[in-house]
Amino acid sequence: MKLIRGLHNIQPKHRHCVLTIGNFDGVHLGHRAVLSRVQESAKAHGVPAAVMIFEPQPLELFRPEQAPARLTRWREKYELMAPLGLEYLICTRFNHAFSQQPARYFIEHVLVEKLGVKHLVVGDDFRFGKGREGDFAMLQKAGEAFGFAVSNTASYRQLDVRVSSTLIREALQRGQFAEASEMLGHPFHFTGKVSHGEKNGRKLGFPTANLPLHRLHSPLHGVFAVVARVGNTTYQGVANIGYRPTFGGKQAQLEVHLFNFSGDLYGQSMRVYPQQMLREERKFESFDALREQIQKDKENAIKWFERHEFNVRP
């Protein structure tokens, strides 16, 4: 799947496609059903299947305090979509200038001129353009005028429950990782490159791999038993997701202490799969108290792994 970063990188060779537009946060089973429909339509039209996402997601720009926690960053969306057989992922920069473009401009300049869309699949609540003036009805009328079909994304139900990113976030916050993974169609995980931290864990006797979350809001906070994968190697561990209040942290990040590991992981890609919540994050009165609690967290995580099986994908 080719990644096209920015509308300015759409070339004439990318013209003519079946397109769907959305956040696709989590790339869950409902999203996959939509993507399957797009692929079927693309095959029928003899054109590529394409997906357009916005970065940041619109609510993160306009009302960041109300924006939902991200299940997936744009790079993770790409990684999850890549094996599905789509031809293009168009990652569009969403900023104030873009948001002020008239809806008609988006239709005529992007959908018609740049992409030559043959069939557009969007939610019937999809809004776009300055002041959110564009809606599904406008797209239908434009489709009649410019010769492209418009369809809405039907809901996907599992056990008579509509699968949604919101429902998955709620399951994660309740610690129901198996249920969340069933709706996602894959185990929930964080990905990132191990970065240099302040080495507080090493000073306490528990060296950690630090992964910036690169999210406005994280769907999880607290201390967890986790499985981490680096390359083809899987490790058990314990992780803190949060602000590190004992050290006065200001930015949320993921810190993982791997069991039975010693070495340097800086710069390497890591996937972290939360398995069980152990406790809430809290501030400790002293480093000694924190060190004692981390030891307990490690022991509790080891006990959990002794009683439970885990299964993660590469």
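When the sequence shown is numbered by our numbering, its final residue is 528 and no position is left out of the sequence of numbers.
For glycine and all other residues, C-beta sits at the position ideal for the given N, C-alpha and C.
I think residue i touches residue j, with their Cβ atoms under 8 Å apart; what is that distance to the nearest whole Å?
i	j	result
Ala-234	Leu-217	First, the amino acid is wrong: residue 234 is Thr here, not Ala. The Cβ separation is near 16 Å, so there is no contact.
Gly-456	Glu-412	Going by Cβ atoms, the distance from Gly-456 to Glu-412 rounds to 15 Å, so no, they are not a contact pair.
Lys-328	His-259	Not confirmed; about 17 Å, so no contact.
Ala-356	Ile-304	Contact doesn't hold; Cβ gap of about 19 Å is too wide.
Leu-430	Pro-278	6 Å
Ala-264	Gln-253	About 10 Å separates the two Cβ atoms, so there is no contact after all.
Ser-432	Ala-466	5 Å
Met-484	Gly-406	6 Å
Report the rounded CA-to-CA distance for residue i versus residue j, giving the unit in angstroms.
i	j	result
Leu-300	Gly-419	46 Å
Pro-401	Ala-359	43 Å
Leu-504	Phe-498	6 Å
Leu-427	Arg-289	12 Å
Pro-528	Asp-239	Unreliable placement is indicated for Pro-528, whose pLDDT of 47 sits below 50; no coordinate value is reported for it.
Met-397	Met-352	32 Å
Arg-307	His-222	10 Å
Gln-489	Arg-229	44 Å
Trp-518	Gln-390	15 Å
Gln-225	Asn-446	37 Å
Tyr-480	Val-470	13 Å
Gln-482	Val-261	37 Å
Gln-507	Val-377	37 Å
Phe-362	Pro-270	28 Å
Glu-523	Ala-311	50 Å
Val-364	Arg-346	18 Å
Lys-510	Val-335	51 Å
I'd like the list of long-range same chain contacts for residue i, defined as Cβ closer than 6 Å, with 5 residues on each side in sequence excluded.
i	result
Asp-338	Phe-350, Asn-366
Ala-515	Ala-439, Val-452
Leu-325	Val-331
Phe-404	Leu-468, Val-486
Phe-475	Tyr-449
Tyr-319	none
For residue i, I'd like the list of residues in its chain whose CB is within less than 8 Å of its CB, leaving aside the five on either flank, ordered along the chain.
i	result
Gln-280	Leu-273
Ser-379	Asn-237, Asp-239, Gly-240, His-242, Pro-282, Leu-285
Thr-448	Val-441, Ala-442, Val-526
Met-295	Met-215, Phe-238, Val-241, Leu-249, Val-265, Leu-303
Asn-309	Leu-275
Out of the options, which has the shortest C-alpha to C-alpha gap to residue i?
i	options	result
Phe-342	Ser-378, Pro-297, Asn-237, Lys-497	Asn-237
Asp-478	Ile-508, Lys-332, Val-444	Val-444
Thr-422	Ala-394, Ala-439, Gln-465, Leu-472	Leu-472
Glu-513	Phe-268, Phe-276, Glu-293, Ala-453	Ala-453
Lys-257	His-323, Arg-246, Val-232	Val-232
Ser-409	Phe-475, Leu-425, Gly-345, Pro-226	Leu-425
Val-375	Arg-346, Lys-510, Gly-244	Gly-244
Arg-371	Val-364, Glu-293, Arg-318, Leu-381	Leu-381
Glu-520	Ser-500, Lys-227, Gln-225, Gln-450	Gln-450
Gln-314	Gly-348, Tyr-292, Tyr-480, Tyr-302	Gly-348
Ala-247	Arg-493, Glu-269, Ser-369	Ser-369
Lys-344	Leu-334, Gly-361, Pro-316	Pro-316
Gly-220	Phe-268, Lys-227, Ser-255, Leu-434	Phe-268
According to DSSP, what are the bridge partners of residue i?
i	result
Glu-469	Asn-424, Asn-454
Leu-495	One point to set straight first is that residue 495 is Glu, not Leu, in the sequence displayed. Glu-495 is not bridged to any residue.
Pro-488	Val-440
Asn-446	DSSP output for Asn-446 lists no bridge partner at all.
His-333	Val-232, Ala-363
Ser-409	Asn-424
Lys-216	Tyr-302
Glu-269	Arg-307
Tell me which same chain residues have a C-beta within less than 7 Å of the C-beta of residue i, skipping the five on either side of it?
i	result
Met-491	Gly-389, Gly-436, Phe-438
Does residue i have its Cβ less than 8 Å from a Cβ in chain C?
i	result
Gln-271	The chain labelled as chain C is not found in the depicted structure, where only one protein chain is given.
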